[in-house]
Amino acid sequence: MKRLFLTTLFAALIAVVCFAQKPYKVVFYNFENLFDTINEPGVLDDEFTPDAPKRWNTAKYTRKLANLERVLFDIAAADKEFPIVIGVSEVENRSVMEDVIAQPKLAAGNYRIVHFDSPDARGVDVAFYYRPDVFKLEGSAAIPYVMPGMPDFKTRDFVTMWGTIDREPFFFLVSHWPSRLGGKEASASKRMNAATQIRHIIDSVTAANPATKVVVMGDLNDDATDRSIVEGLRAKGRLEEVGQGDMFNPFIGVFKAGYGSLAYQDEWNLFDNIIVSENLATGSTGELRLQPVRDTKFYGGIFRRPYMIQKEGQYKGYPLRTFVGNDFQGGFSDHLPVYIYIAK
Numbered sequence: 001m002k003r004l005f006l007t008t009l010f011a012a013l014i015a016v017v018c019f020a021q022k023p024y025k026v027v028f029y030n031f032e033n034l035f036d037t038i039n040e041p042g043v044l045d046d047e048f049t050p051d052a053p054k055r056w057n058t059a060k061y062t063r064k065l066a067n068l069e070r071v072l073f074d075i076a077a078a079d080k081e082f083p084i085v086i087g088v089s090e091v092e093n094r095s096v097m098e099d100v101i102a103q104p105k106l107a108a109g110n111y112r113i114v115h116f117d118s119p120d121a122r123g124v125d126v127a128f129y130y131r132p133d134v135f136k137l138e139g140s141a142a143i144p145y146v147m148p149g150m151p152d153f154k155t156r157d158f159v160t161m162w163g164t165i166d167r168e169p170f171f172f173l174v175s176h177w178p179s180r181l182g183g184k185e186a187s188a189s190k191r192m193n194a195a196t197q198i199r200h201i202i203d204s205v206t207a208a209n210p211a212t213k214v215v216v217m218g219d220l221n222d223d224a225t226d227r228s229i230v231e232g233l234r235a236k237g238r239l240e241e242v243g244q245g246d247m248f249n250p251f252i253g254v255f256k257a258g259y260g261s262l263a264y265q266d267e268w269n270l271f272d273n274i275i276v277s278e279n280l281a282t283g284s285t286g287e288l289r290l291q292p293v294r295d296t297k298f299y300g301g302i303f304r305r306p307y308m309i310q311k312e313g314q315y316k317g318y319p320l321r322t323f324v325g326n327d328f329q330g331g332f333s334d335h336l337p338v339y340i341y342i343a344k
């Protein structure tokens, strides 16, 4: 009887420990033009230098770093735990990324960096921060964006990294798709091509190991419901619709409910997405799976605090950005961060 009691007690304690495990948070954040103040030859970064009309100097750069520190720390404080992976876009180089995580409140995150210089004309890149105590990095690579018929078209690479979380294989990809310059429809083929390339990468990864859980994130310059994402990536918006080989985009539901991560012409868009493979969405392999955002019906969240929003003027209610034209606003970013949770 005593042995039965102890066995039952032990099983109950294990169940409590498993249930109590904090979910891991994965974040994507467009830093909006995080440039240093140095004019780099061969790169169109001249506007972010002290002598340019923006007067981008050490004081403004330091304030930008402090603003990013505040947002990232508050994202961590919301769960009393630093995110395990943070994908970022619009960073000029590795040095500015190091400056962000050197901020005092972020030092405890003990982040490492995956970054590659891209061929983008302005010199802006995409990259990752990751916590090595949770994500065990095995490798990383930058995959060039290629536009058929336009060999001279250069933009941000697809940055990838792979490894394990709790001994389960994971593959992360962060990207910043071509902009809507020239109009949404006129530029749509460039973003559809980005989606097609990423879909090929996903298929190659999962063919090599079907148990690999894939997370695709970035500023896609298309809304969650646009064709490039829904058809190009084969991303479904409802869990019950997700079949083998499909992706699940929790931000389709978020966008349909009226939420966005950036504003333009008095309308909200949701260009910032985190999209996951079927096995992570449904838990069909392994134990880790996507979790709903606390106190909501959604599986994806947009991080928003009052201090991140413009309080007055023409852009009242928009994300409080760094500049409007050449006028320094002292803000955070023209995008809001997005996030998901995964747990056993």
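Position 253, counted from 1, in the sequence shown is what the numbering used here calls 253; the numbers after and before it change by one each time, with no gaps. Even glycine gets a Cβ: it sits at the ideal position worked out from N, Cα and C.
**Request:** Please look up how many angstroms separate the CB atoms of residue 228 and residue 191, rounded, as I've assumed it's under 8 angstroms.
**Result:** Position 228 of the sequence shown, counted from the start, is the residue given in the question as residue 228. Position 191 of the sequence shown, counted from the start, is the residue given in the question as residue 191. Indeed they touch by this definition, with Cβ atoms about 4 angstroms apart.
**Prompt:** So what does DSSP say about residue 314, is it helix, strand or coil?
**Reply:** In the sequence shown, counting from the first residue as 1, residue 314 sits at position 314. Three-state DSSP puts residue 314 in coil, outside helix and strand.
**Prompt:** Are the CB atoms of residue 48 and residue 35 nearer to each other than 7 angstroms?
**Reply:** Here residue 48 refers to the residue found at position 48 when the sequence shown is read from its first residue. Here residue 35 refers to the residue found at position 35 when the sequence shown is read from its first residue. Contact: yes.
**Rounded distance between the beta-carbons of residue 137 and residue 213, thought under 8 angstroms** = As a position in the sequence shown, residue 213 is number 213, starting the count at 1. As a position in the sequence shown, residue 137 is number 137, starting the count at 1. Between residue 137 and residue 213 the Cβ distance is about 15 angstroms, and since that is not below 8 angstroms, they are no contact.
**Asked** Is residue 73 near residue 25, with beta carbons less than 7 angstroms apart?
**Response** Here residue 73 refers to the residue found at position 73 when the sequence shown is read from its first residue. Here residue 25 refers to the residue found at position 25 when the sequence shown is read from its first residue. With a cutoff of 7 angstroms on beta-carbon distance, residue 73 and residue 25 are scored as not near each other.
**Request:** Report yes if the CB atom of residue 233 is closer than 7 angstroms to the CB atom of residue 247, and no otherwise.
**Result:** For the purposes of this step, residue 233 is identified with residue 233 of the sequence shown, where counting begins at 1. For the purposes of this step, residue 247 is identified with residue 247 of the sequence shown, where counting begins at 1. Yes, they are a contact pair.
**Closest by C-alpha distance to residue 341, when choosing among 56, 38, 201 and 85** = Locating residue 341 in the sequence shown gives position 341, counting from the first residue. Looking at the Cα atoms, 85 is the closest of the given residues.
**Within the region 118-191, ranges of the beta strand (DSSP E) (whole runs, at least 3 residues)** = 125-130, 135-143, 158-165 and 168-176
**Message:** I need the boundaries of the alpha helix (DSSP H) containing residue 255, first residue and last residue.
**Reply:** The sequence position of residue 255 within the sequence shown is 255, counting from 1. Segment 251-256, the alpha helix (DSSP H) holding residue 255.
**Asked** Between the beta-carbon of residue 83 and the beta-carbon of residue 291, is there less than 7 angstroms?
**Response** Within the sequence shown, the letter at position 83 stands for residue 83. Within the sequence shown, the letter at position 291 stands for residue 291. No, they are not a contact pair.
**Prompt:** Taking the continuous alpha helix (DSSP H) assigned at residue 31, which residues delimit it?
**Reply:** What you label residue 31 is simply residue 31 of the sequence shown in a count that begins at 1. Segment 24-34 is the beta strand (DSSP E) holding residue 31; no alpha helix (DSSP H) there.
**Request:** Taking residue 134 as the reference, give the member of 222, 57, 142 and 168 with the closest Cα.
**Result:** The sequence position of residue 134 within the sequence shown is 134, counting from 1. It is 168.
**Asked** Counting Cβ pairs, one atom from each stretch, are 3 or more of them under 8 angstroms apart for the region 111-131 and the region 144-155?
**Response** yes
**Item:** Range covered by the alpha helix (DSSP H) that runs through residue 343
**Value:** Reading the sequence shown from its first residue, position 343 is the one you call residue 343. It is not in any alpha helix (DSSP H) - residue 343 instead sits in the beta strand (DSSP E) that spans 338-343.
**Prompt:** Would you report the Cα separation of residue 311 and residue 320, rounded to the nearest angstrom?
**Reply:** By one-based count along the sequence shown, residue 311 stands at place 311. By one-based count along the sequence shown, residue 320 stands at place 320. The alpha-carbon atoms of residue 311 and residue 320 are separated by roughly 8 angstroms.
**Request:** State the DSSP-derived secondary structure class of residue 265, mapped to helix, strand or coil.
**Result:** Residue 265 sits at position 265 when you count from the first residue of the sequence shown. For residue 265, the secondary structure class from DSSP, reduced to helix, strand or coil, is coil.
**Prompt:** Which residue comes first and which comes last in the alpha helix (DSSP H) that contains residue 345?
**Reply:** Shown here, the chain extends from 1 to 344; a query on residue 345 therefore has no answer.
**Request:** Look at the alpha carbon of residue 349 and the alpha carbon of residue 97, and state the distance between them as a whole number of angstroms.
**Result:** The first residue shown for the chain is 1 and the last is 344, placing residue 349 beyond what the model contains.
**Prompt:** Roughly how many whole angstroms lie between the Cα atoms of residue 148 and residue 209?
**Reply:** Residue 148 sits at position 148 when you count from the first residue of the sequence shown. Residue 209 sits at position 209 when you count from the first residue of the sequence shown. Between residue 148 and residue 209, the C-alpha separation is close to 29 angstroms.
**Selected residue, minimal CA-CA separation from residue 243, among 284, 131, 308 and 297** = Here residue 243 refers to the residue found at position 243 of the sequence shown. Cα-wise, what sits closest to residue 243 is 284.
**Asked** What are the boundary residues of the beta strand (DSSP E) that residue 55 is part of?
**Response** Translated into the one-based positions of the sequence shown, residue 55 becomes position 55. Note, residue 55: premise wrong, no beta strand (DSSP E); not H, not E.
**Message:** Runs of 4 residues minimum, wholly inside the region 270-325: which ones carry the alpha helix (DSSP H) assignment?
**Reply:** 278-282
**Request:** Tell me whether residue 12 sits in a helix, a strand or coil according to DSSP, three-state version.
**Result:** Here residue 12 refers to the residue found at position 12 of the sequence shown. Confidence at residue 12 is low in this model, with a pLDDT of 44, below 50, so its placement is unreliable and the value that follows should be read with caution. The three-state reading of DSSP puts residue 12 in helix, counting H, G and I together.
**Item:** Collapsed DSSP secondary structure at residue 335 in the structure displayed
**Value:** The count along the sequence shown starts at 1 and reaches residue 335 at position 335. Taken through DSSP and simplified to helix, strand or coil, residue 335 comes out as coil.
**Asked** At what residues does the beta strand (DSSP E) containing residue 228 begin and finish?
**Response** Numbered from its first residue, the sequence shown carries residue 228 at position 228. Careful: residue 228 lies outside any beta strand (DSSP E) and carries neither H nor E.
**Message:** For a quick check, are the C-beta atoms of residue 336 and residue 273 less than 7 angstroms apart?
**Reply:** Sequence index remark: in the sequence shown, residue 336 carries index 336 (1-based). Sequence index remark: in the sequence shown, residue 273 carries index 273 (1-based). No. Outside cutoff.
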